[in-house]
Amino acid sequence: MAAVNLTDEIVPDTRTPGQPLIRTAAGVLIPRNQPLKPEFAGLANNPNIQLGHAYANPIPAEAALGGPFRSLYNYPGIARRKMTANEVSANQYSHDWKVQSTYKNIYGQLLCTYVGWNSTAAFVQHNRNFIRRNRDVMRISNARDTYLRSILQDPEATDMMKRATGKWLSMNLGLLEDPDHLFWLYEDISYYHTKIQQVHDLPSLMYICLRDNLVMPPKYKYTLFNIVEEAAMDTILGSKTNKAFEELQKSTKRRRMEAMETSCENPDQCQCNTIWHMLYAPTAQSSGSNPKYMRQNADGLLDMRGFDISDLRVAIECSDQCGCSSACPRRRCQRGQTKTLIVSYENEIIEFALRTTEPILRGEFIAEYNGVVMKLDAGTRRDESYDVSLNMICPELVINSASVGNLTRFLAHGCEPNAGLIETHSRVKEEDPLIPRVSVYAIRDIAAGEKVLISYYQQWQLESKSGISCK
Numbered sequence: 150m151a152a153v154n155l156t157d158e159i160v161p162d163t164r165t166p167g168q169p170l171i172r173t174a175a176g177v178l179i180p181r182n183q184p185l186k187p188e189f190a191g192l193a194n195n196p197n198i199q200l201g202h203a204y205a206n207p208i209p210a211e212a213a214l215g216g217p218f219r220s221l222y223n224y225p226g227i228a229r230r231k232m233t234a235n236e237v238s239a240n241q242y243s244h245d246w247k248v249q250s251t252y253k254n255i256y257g258q259l260l261c262t263y264v265g266w267n268s269t270a271a272f273v274q275h276n277r278n279f280i281r282r283n284r285d286v287m288r289i290s291n292a293r294d295t296y297l298r299s300i301l302q303d304p305e306a307t308d309m310m311k312r313a314t315g316k317w318l319s320m321n322l323g324l325l326e327d328p329d330h331l332f333w334l335y336e337d338i339s340y341y342h343t344k345i346q347q348v349h350d351l352p353s354l355m356y357i358c359l360r361d362n363l364v365m366p367p368k369y370k371y372t373l374f375n376i377v378e379e380a381a382m383d384t385i386l387g388s389k390t391n392k393a394f395e396e397l398q399k400s401t402k403r404r405r406m407e408a409m410e411t412s413c414e415n416p417d418q419c420q421c422n423t424i425w426h427m428l429y430a431p432t433a434q435s436s437g438s439n440p441k442y443m444r445q446n447a448d449g450l451l452d453m454r455g456f457d458i459s460d461l462r463v464a465i466e467c468s469d470q471c472g473c474s475s476a477c478p479r480r481r482c483q484r485g486q487t488k489t490l491i492v493s494y495e496n497e498i499i500e501f502a503l504r505t506t507e508p509i510l511r512g513e514f515i516a517e518y519n520g521v522v523m524k525l526d527a528g529t530r531r532d533e534s535y536d537v538s539l540n541m542i543c544p545e546l547v548i549n550s551a552s553v554g555n556l557t558r559f560l561a562h563g564c565e566p567n568a569g570l571i572e573t574h575s576r577v578k579e580e581d582p583l584i585p586r587v588s589v590y591a592i593r594d595i596a597a598g599e600k601v602l603i604s605y606y607q608q609w610q611l612e613s614k615s616g617i618s619c620k
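Residue numbers (the numbering used here): 150 to 620.
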């Protein structure tokens with residue numbers, strides 16, 4: 150019974166035609182050659198939890214065509230073996246060719262590449278039905294090209310940046326005949342990470358380097374749910390914050406609670422404010438800083454007036470205990486990202502950063518910070534620059550996105566940030582474990598094309614400016 154859903158690898162969610170999507174709430178890493186702990190038996194029978202020995206980005210079946218071409222680069226989830234132009238005639242009727250992306254060549258013609266084939270097999274499309282049959286691909290390509298054309302009009306863009314847009318907007322034969330060019334690795338990462346996003350109906354993702362000589366793109370495994378180490382899951386299961394609402398009520402001493410409004414669709418049944426009072430609200434015995442309760446309004450926006458990066462903050466989202474739908478304003482992190490974001494190489498100092506292609510309002514949800522949930526003192530070497538602390542929900546834990554994460558791992562530092570990290574108490578079902586989550590929200594309006602910036606430092610550190618770069 151304990152090994153019901155224990156597998157070798159935890160993988161991103163996939164859609165099966167005709168079947169409802171099972172959304173993974175978390176993946177739990179179980180050491181190899183060790184029996185499953187008895188206290189994990191409930192996790193093993195939970196369809197929303199994946200148990201496995203490692204996290205992986207498998208190569209999609211449609212991309213695993215094999216072929217004589219072998220890429221120089223070995224990246225998670227991306228096939229190294231591909232078919233080439235030499236195999237087109239022998240395979241033109243034997244495969245359901247899936248379009249990967251489209252471009253314009255130097256003659257203004259529509260050019261397309263295919264999944265599992267390298268750039269030498271790109272085709273110029275004259276078929277009038279092509280656009281109708283590939284609307285999703287065309288929509289993504291058109292959004293990309295709109296952003297690139299905006300760079301041509303940007304007075305702050307360098308000549309090199311403007312010149313680099315031609316790789317997409319006016320593709321030349323030399324690039325097509327060089328399948329080992331880093332440009333194609335960027336395109337593959339963009340495509341396969343977008344596929345993971347699309348399973349959850351999230352926007353496409355693009356990685357770009359607007360330089361004459363491209364740098365190596367980032368190498369990591371992409372996830373849209375947190376991966377939890379075994380020791381961290383022990384901490385979570387033993388935490389007071391993990392208790393289901395009814396159990397929490399029984400074990401919490403009753404005290405007078407301040408009346409608060411809620412934007413929940415079902416306000417009479419909503420328990421979010423009660424959870425705040427039972428778990429996080431300051432008491433007479435509290436010491437240290439005064440935590441801030443971040444509540445969504447009817448539009449799902451947080452009130453960012455007086456935002457201080459030094460404050461402890463928590464947002465609380467509805468579960469099935471509240472009796473509301475998935476569209477409830479208090480389920481913002483659960484619904485996920487809605488704005489299209491780009492991972493862009495900026496310079497040698499910050500390297501890659503996150504930019505938005507569309508305006509974001511102050512208080513609006515941007516994305517969730519995903520990664521590996523681990524003990525603060527895990528005893529393993531890691532790049533701590535990717536750590537996000539969990540001071541409110543589980544102070545003993547951090548989320549680290551150095552090797553496993555999503556696009557938010559590219560949030561750059563700004564001495565005048567436009568976004569902030571909000572710890573988020575959120576689970577869809579009360580029977581699920583309360584996996585610590587962190588949401589990224591805009592603390593001011595962010596214009597299309599702007600970098601999304603957070604502060605890596607406390608206010609006193611910023612004021613001292615000691616060794617802090619604001620570039």
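Ideal Cβ placement from N, Cα and C applies to all residues, glycine included.
- [ ] Using the Cα positions of E410 and E211, report the straight-line distance between them to the nearest angstrom.
- [x] 50 Å
Task: Contact check, P508 vs L546, beta carbons under 8 Å - done: no
Open item on the list: For N540, tell me which candidate among R181, A464, T269, P180 has the shortest Cα-Cα distance.
Closed with: A464
- [ ] Measure the alpha-carbon distance for A152 versus A193 and round it to whole angstroms.
- [x] Below a pLDDT of 50, predicted positions are generally treated as unreliable, and A152, at 45, falls in that range; no measurement from the model is reported.
Task: Bounding residues of the beta strand (DSSP E) (the contiguous stretch that carries D162) - done: First-last for D162: undefined, no H or E at that position.
TODO: Pull up the distance between the alpha-carbon of P367 and that of R558, whole angstroms please.
DONE: 10 Å
Open item on the list: Measuring only the C-alpha atoms, how far is N283 from A393?
Closed with: 45 Å
Open item on the list: Between F272, L363, R288, D350, which has its C-alpha nearest K316's C-alpha?
Closed with: L363
Open item on the list: Does R277 pass the burial test, meaning 16 or more other C-beta atoms within 10 Å, or should it be called exposed?
Closed with: exposed
TODO: Jot down the residue ranges of each uninterrupted alpha helix (DSSP H) in the stretch 441 to 528, minimum 4 residues, whole runs only, in chain order.
DONE: 481 to 484
- [ ] Taking only runs that begin and end inside the stretch 335 to 401, name each unbroken alpha helix (DSSP H) of 4 or more residues, in chain order.
- [x] 379 to 386, 394 to 400
- [ ] Could you name the residues that DSSP lists as bridge partners for R230?
- [x] R219
Open item on the list: What does the alpha-carbon distance come out to for the pair G226 and K399?
Closed with: 46 Å
TODO: Determine contact between the stretch 559 to 571 and the stretch 588 to 597, defined as no fewer than three beta-carbon pairs at a distance below 8 Å.
DONE: yes
- [ ] Identify the continuous beta strand (DSSP E) that holds K253 and give its terminal residues.
- [x] 248 to 253
Open item on the list: Taking DSSP's pairing of strands, which residues face M320 in a bridge?
Closed with: N254
- [ ] Name the residue from D162, Q183, D581, K441 whose alpha carbon lies nearest to the alpha carbon of L386.
- [x] D581
- [ ] Report back the beta-carbon spacing between G598 and S299 to the nearest angstrom; my notes put them in contact at under 8 Å.
- [x] 6 Å
- [ ] Determine the contact status of M320 and K253, defining contact as a CB-CB distance below 8 Å.
- [x] yes
Task: Helix, strand or coil at Y429 according to DSSP, with G and I counted as helix - done: helix
TODO: Could you check how far apart the C-beta atoms of H562 and Y605 are, in whole angstroms? I think they sit under 8 Å.
DONE: 4 Å
Open item on the list: Considering only DSSP beta bridges, list what N655 is partnered with.
Closed with: The structure shown does not extend to residue 655, since the chain is modelled only from 150 through 620, so no value can be given for it.
TODO: Output the distance between the C-alpha atoms of S459 and P440, rounded to the nearest integer angstrom.
DONE: 10 Å
- [ ] Measure the alpha-carbon distance for D532 versus N549 and round it to whole angstroms.
- [x] 8 Å
TODO: Drop a sphere of 10 angstroms on the beta-carbon of P328, count the other beta-carbons inside from all chains shown, and report buried for 16 or more, exposed for fewer.
DONE: buried
Open item on the list: Taking the beta strand (DSSP E) that T307 belongs to, which residues open and close that run?
Closed with: Premise fails: T307 is in no beta strand (DSSP E) and is neither H nor E.
Open item on the list: I'd like to know whether the C-beta atoms of A234 and T269 end up nearer to each other than 8 Å.
Closed with: yes
- [ ] Tell me whether R288 is buried or exposed, calling it buried when 16 or more other Cβ atoms sit within 10 Å of its Cβ.
- [x] exposed
TODO: Give the single residue among T487, I424, E379 whose Cα lies nearest to the Cα of E466.
DONE: I424
- [ ] Round the Cβ separation of Y371 and H342 to the nearest angstrom and send it over; I've been treating them as touching at under 8 Å.
- [x] 5 Å
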